[in-house]
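For what it's worth, my numbering labels the leading residue of the sequence shown as 39, then goes sequentially.
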Amino acid sequence: MYSEKVMDHFQNPRNVGEIENASGVGTVGNAKCGDIMRIYLDIDENQVIRDAKFKTFGCGAAVATSSMATELIKGKTVQEALQITNKAVMEALDGLPPVKVHCSLLAEEAIHASLWDYAQKNHITIEGLKEPKKDIHEGEEEELSV
């Protein structure tokens with residue numbers, strides 16, 4: 039059901055924890071399944087992500103996607119990190135079962151939320167970054183009714 043990479047990142051998650059005085063912190067959740075993901079960023083003066091850590095309350099896939107997301111953004115510029123999609127997280131993990139795809143969406147939104155917090159703290163605009171949703175299902179009803 040889960041790939042070896044998903045199992046490895048679940049059983050041996052990378053970058054667990056908090057960053058004190060983080061440059062940006064983003065928290066998102068999924069009310070339908072109860073997962074909550076928080077990503078902390080340490081960003082240098084050149085807008086390069088020096089470090090990324092996470093704390094996740096959720097299933098194994100949520101932990102694995104958090105772990106992989108932090109691995110993917112470390113060393114990247116803010117703009118490069120913004121380009122990391124849920125699809126990239128899933129591909130890096132060699133896929134996820136269809137019922138767990140929402141975990142990769144949570145990881146993408148948590149990255150965006152932490153970048154949004156960084157931009158707000160530093161009074162800057164990051165091109166292409168939109169205000170994040172607190173819940174990944176926010177606005178879904180409107181989208182479905184259109």
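Built from N, CA and C at the ideal position, the CB exists for glycine as well.
In this text, all values refer to a predicted model and were calculated from it rather than measured experimentally.
| query | result |
| --- | --- |
| Beta-carbon contacts of V101 that lie in its chain and below 8 Å, excluding the five residues immediately before and after | H47, F48, P51, T94 |
| The stretch 65-72 / the stretch 118-128 touching (three or more Cβ pairs under 8 Å) | no |
| Paired residues, beta bridge with M75 - DSSP | V66, T94 |
| Cutoff 8 Å: Y40 Cβ touching any chain C Cβ | Absent here is chain C; the protein component of the structure consists of one chain. |
| Proximity below 8 Å, CB of L131 to CB of K43 | yes |
| Between the CA atoms of E169 and I77 - distance to the nearest angstrom | 16 Å |
| G96 classed as buried or exposed, judged by whether at least 16 other C-beta atoms fall within 10 angstroms | buried |
| Residue of D155, H161, M75, L167 minimising C-alpha distance to E118 | L167 |
| Cα-Cα separation, M39 to G133 | 10 Å |
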